[in-house]
Ligand SMILES: Nc1ncnc2c1ncn2[C@@H]1O[C@H](COP(=O)(O)OP(=O)(O)O)[C@@H](O)[C@H]1O
Ligand SMILES: [Mg+2]
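Chains as they are written, first to last, in this note's numbering: chain V, 1 to 380; chain A, 381 to 689; chain W, 690 to 1041.
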C-alpha cells in the first residue's frame, strides 16, 4: 500500500521554530469570558434577563405612564374593568372596559330581566345577544355585555388594568406594588449577602476555635424554619417595609454563610493564597484581594436565588394577613385584595399574579443559567 | 455515628428551647397578651388564664411553668374560641390538613419523579426541556397564585370541580394539585439530575455490557440508586407543604390547621398563632433530624465514604 | 489461526459544543481465537472509545460510529440494532472496566449481579444461576463464595471486587473478553494477582482477550500481540517480540523509554515531550510529528501509511519509507531493548 513516489525533499528533518507542540491551539479564555460565552448561548436565561429588565423598568416608570396616583381613591369610578386605547374594539382581548356574562332562564324574557338586574338596570349600556331563545325546549340563553365605563360616565377615560374597589387605578398600583416587592426583596438579599459573606468568610478564614463556635451557632439557627422566624418577627415589629425586610434576613443569611464558608475553606489552602501569605500580606488584604474574587460567582448565583425567595415570602405574608398595611401596595397585598373579589372582578388578581409569576420564573431561570455558566458541574 | 446522633439531638433541643423561649417572651410583649386583653375577657376567662399562666408568679417561675406545660403538650388557651385549649383545637383541625398534605405529597412525588425520569431518559430532547420548564414554573409560581387561578378557571368559569369546602374527594382535587406543584417541581428536578448522574456511572455500563435491556438498566440498576438521595429533598418539601397548607386551606375554605392559623392572624388570637408556630417549628426540626439520620444510615456508600453527615 | 473478531477502518466521533471530536480515526486490527491482543497508548488515545464501539456502548448522542465495520465471526456488529446487540453483549462479547470501585452496582447483591447475565443469556433458573455464581466466585479465587454472593459490593476490597467483575464478565463463557485497564486502579501486588488470574482463566477457557493498558510493563506479561495507539489511530502492530525487540515507531520508542525498569540502575527515565494533539482539529499530517524528534517535512504534509516490517509486524511512520534517512532509536531505548532480549520480555510484567 505504501510505495507511491514521494519527493526526496520531503524526507529531510523538519526544522521548527521553537517548540510547536506547546503552542496552544485555542485561545484561552478567562473565567469571566468563558462564563459569559456560555451564558450567551443560554436563550432561556437571556429571555429571563430581558423580562427582569423590562419589569424593573416598568416598576420604576410605569406609575408615571398616566396621571392617576397610586392611592387616589374615587368611589364613583370603582371596579372599572381594564380598557386600553386601540385595543378596546378587539373582542377577544380583555381590554374593552366591559363586563361579560351569560344568563340562563326558562324564558327569554326572564333571562333578559336577569341580565338587566345584574347590571344595575342600565339597559342603555347593556348589549345583549340571544344565544338560544328557549323555543326548542331548552333554557333561554342570553349573552350580555355591559359597558361599565359608559354606565359610570367615564367614557373618555382609560384604566389599563382597571380600577379596584376604592376606584384606584390598578395600573399605577400594580407597578408601584412591583416596585415595593422588588425593593424589599433586593434589600433583603443584599443584607443576607453582606452578613452571609462576612460570617462565612470569617468563620472559614480564621478556622479553629472561631470556626467551631460560629458553626455551632449556625447549626442551632438553621433548625428554625423561616416561616416561624418571619411570623414571630412580624408579630413583634408590626408589618411594614422595614420590618418585613428585617424578618426575612434574620435567618436568610445562613445559606450564604454556609456556601461561602465551604468555598473559602477550599480555596484557603490553595497555593496562590499561601504564596501571598508568605509574602507577608495581611489577613484582610488576602480576603479582599484573593478570596472574594474567587467566590463572586457563588455570591451572585446565591443572591439570584435569594431574591425570588424573598419576593415569595413578602407576598405570602401579605396573603395571610401579616404583610404590608394599606395604603402601601405590594404584589402580595394586591393579590390578596384581588383574591377577595376574584369571582366578580378577576382582573384585580390576574395582573399582579402574572407579574409576580413572571418575576419568579425569570429570576429562577436566570439564576439557573448563571449557575450553569459559572460552573457546569455545580449543583444546588 | 452514635456521637453524631447524640450531637444532633442536643442541637435539636437547643433549637426548640430557643423557639419556645422566644415565643414566651413574645407573649409577654405582645399587645394582645392575656394581661392586656383582660378587659375583653369575661371574669371566668380571666380567672382561668391567670391561674393557667400563674400570672402572679415572678417571670422566671412563669417561664419554667410555661416550659413544663409545653413539655406536656399544653399550648395554652385560645382567646377567641370560648377558652378552649389550643392543643385541642389544633388536634381537631389536623385531619383535613394531614389528608391534604399526604395527598399532595404522594401525588407530587409520584408525578415529579416520573417527570424527572423521562427528562433524564430523553436527555436534551423536547421532553427534557418541557419537563424542565414545568419544573421551573412549579418552583416559581407561588402556590396561592396558582391556587387562585385554578379556583377561578377550573372552579368558577368551567365549573368542573367544586370551588371550595371539604365535603368529599372531589373537593380535595384542586387543593391537592395546587399544593403539589412545588413538590412536583423539586422531585422532577431532583430525579433528573440524579438519574442522569446514575445513568452515566460505570456500573450502568457494566450492566449494559452484560446485555441487560433498557428497562432493566433503568429500573433494576438506575432507579434504585437514583432514589437513595431522595431523603435530601424531604426537608424542602416539608416546608413547602407546611407553608402551602396555610394559604391553600384558606383559599379553598378547608377546615384545617392552616386555615385556623390564618383566621387567628385576622382575629389576633395570639395563643393559636403561637401554638401553631411552635408546632410547625418542632415538626420541622424533627423532620430535619430524621432526614439527617436517615441519610447517614440508608446508603452504605455514604457511610463508607465517610461523607459529611 | 482463525480470526474471531475483525475491525476494519473504524471511525468514532463525538459531537460536542466545540465541534466534532474525532476520537477514533480509522482503526483496523484482527483478533485471533485464544490470543491476547494488547492495545497500548497514552490516556486519551482512543483505546476505551474503540472497545466501547466494539460493544456498541458508545453513548449516542454525543457519540457515533462514523464508518467502519466490526465483524464478530463474520457478522457486522455496527449494523445491528440495540436489541440484537443485547443478545451478544455478555454472551459473546463481554467487558471488564478500569475501576472496580465504581463498576459494580452498590445497591445490588454481588450474587445477583453475576446471575443477571446467566438468567438472561443461558435461560437458567434462579437456583441454577445461583449455583453457577458460587462456582464462578470460587473460580476467580474468592474465598467462602456461598456467603459472599449475598453481600454488597462495599463489603469487598478493591482487588476482590475486580475478581467479581471478572466473574461477571466470564459468566457466559464469552468468545471475546475486553479488559479496559483492569489493573490500573489497583495496588501493585493486587495487580499481579489479577493478571495471574486472567492468564490462568484464559488457559482454561480459551477466550480471546483484548487487553487495554497504558502500561507497557503489563503488556509484556500478558499479551501475544500488541497494538500501539496514538491520537485515535494504531501506529504500530506486532507480536510482543516485535514491539519489544524491534520497535519501529518513534512513539513506541518513547513508550519503551518511559517504562521504569528495576534492573536498570541509571534508570534514565525518558518522557515524550509535549502533549497529544487536539482531536477537534487533528493535524493534516502525522499526528505524532509535533512531538517527534525525527520528524521530517513529509510528516507535516501527509499521514504515513502502514509499512510492513515483517509478516507479523507493521508500523505507520515515514521513517520506514525507502527515501527516509536511516535512524536508530535513542540510546536509552536501545539499552532497554537489549535488556528485554537478555532477560526475556515476559519478566517485565512485574514492573508496574
Ligand atoms: N462522551 C465523550 N464526549 C466527547 N469526547 C469524548 C467522549 N468520550 C471520549 N471522548 C474523547 O475521546 C478521546 C479518547 O478517549 P478514550 O478512548 O477514553 O481514551 P483512552 O485511550 O484513555 O481510553 C479523548 O480525547 C476524549 O476526549
Ligand atoms: Mg480509557
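All residues carry an ideal CB built from backbone N, CA and C; glycine is no exception. Only a predicted model underlies this, so the values are computations on that prediction, with no experimental measurement involved.
Query                                                                                                                                  : Result
Backbone CA spacing between residue 939 of chain W and residue 875 of chain W [nearest angstrom]                                       : 30 Å
Cβ-heavy atom distance, residue 846 of chain W to ligand 2, below 6 Å                                                                  : no
Touching by the beta-carbon criterion (3+ pairs, under 8 Å), the stretch 780-798 of chain W and the stretch 582-590 of chain A         : yes
Contact residues within the stretch 225-239 of chain V, judged by C-beta distance below 8 Å to chain W                                 : none
Cβ neighbour criterion (16 or more within 10 Å) applied to residue 1013 of chain W                                                     : buried
Any non-hydrogen atom of ligand 2 closer than 6 Å to residue 581 of chain A Cβ                                                         : no
Burial state of residue 561 of chain A, where buried means 16 or more other Cβ atoms lie within 10 Å                                   : buried
Proximity test, residue 318 of chain V beta-carbon vs ligand 2 heavy atom, cut-off 6 Å                                                 : no
Environment of residue 872 of chain W [buried if 16+ CB atoms lie within 10 Å]                                                         : buried
Nearest-angstrom Cα separation, counted from residue 158 of chain V out to residue 82 of chain V                                       : 8 Å
Chain-ordered chain V contacts of residue 561 of chain A [CB-CB under 7 Å]                                                             : Those within 7 Å of residue 561 of chain A in chain V number zero; the least Cβ separation is about 12 Å.
Listed by chain order, chain W residues near residue 500 of chain A by CB distance under 8 Å                                           : What residue 500 of chain A touches in chain W: nothing, since even the nearest Cβ is about 13 Å away.
Test: residue 519 of chain A CB closer than 7 Å to a CB of chain V                                                                     : yes
CB contact below 7 Å: residue 586 of chain A versus chain W                                                                            : yes
Contact with chain A by residue 849 of chain W, beta-carbon distance below 7 Å                                                         : no
Delimiting residues of the alpha helix (DSSP H) encompassing residue 791 of chain W                                                    : Run containing residue 791 of chain W: none; DSSP gives neither H nor E here.
Residues of its chain near residue 99 of chain V, where Cβ-Cβ distance is below 8 Å and the 5 sequence neighbours each way are ignored : 81, 119, 145, 146, 148
Rounded straight-line distance, which links the Cα of residue 909 of chain W to that of residue 1036 of chain W                        : With a pLDDT of only 47 at residue 1036 of chain W, under 50, the local geometry of the prediction cannot be trusted, and the value read off the model is given with reservation. Those two C-alpha atoms are separated by around 7 Å.
Per DSSP, cross-strand counterpart(s) of residue 457 of chain A                                                                        : A/465
Any non-hydrogen atom of ligand 2 closer than 6 Å to residue 736 of chain W Cβ                                                         : yes
Residue 383 of chain V at chain W interface by Cβ criterion, 7 Å                                                                       : In the structure displayed, chain V extends from 1 to 380; residue 383 of chain V sits before or after that span and is not available.
Sequence-distant residues of its chain with Cβ nearer than 8 Å to residue 771 of chain W (five each side left out)                     : 745
Residues of the stretch 336-358 of chain V whose Cβ lies closer than 7 Å to any Cβ of chain A, in chain order                          : 339, 342, 343, 346, 349, 353, 356, 357
N- and C-terminal bounds of the alpha helix (DSSP H) containing residue 843 of chain W                                                 : It is not in any alpha helix (DSSP H) - residue 843 of chain W carries neither H nor E in the DSSP assignment.
C-beta contact flag for residue 203 of chain V and residue 261 of chain V at 7 Å                                                       : yes
Three-state secondary structure (DSSP) of residue 988 of chain W                                                                       : helix
Beta-carbon proximity of residue 251 of chain V to residue 221 of chain V, cut-off 7 Å                                                 : yes
Contact check, residue 51 of chain V vs residue 362 of chain V, beta carbons under 7 Å                                                 : yes
Stretch pair the stretch 589-598 of chain A + the stretch 779-789 of chain W: three plus CB contacts closer than 8 Å                   : yes
Neighbour-count burial assignment, residue 342 of chain V, 16 or more Cβ in a 10 Å radius                                              : buried
Reference residue 723 of chain W; option with closest CA among W/811, W/888, W/701, W/820                                              : W/888
Interface residues of the stretch 39-58 of chain V facing chain W [CB-CB below 9 Å]                                                    : 41
Proximity test, Cβ basis, 7 Å: residue 522 of chain A and chain V                                                                      : yes
Beta bridge counterpart(s) of residue 721 of chain W as assigned by DSSP                                                               : W/692
Through-space distance from residue 182 of chain V to residue 671 of chain A, alpha-carbon basis                                       : 34 Å
Residue 710 of chain W: CB within 6 Å of a non-hydrogen atom of ligand 1                                                               : yes
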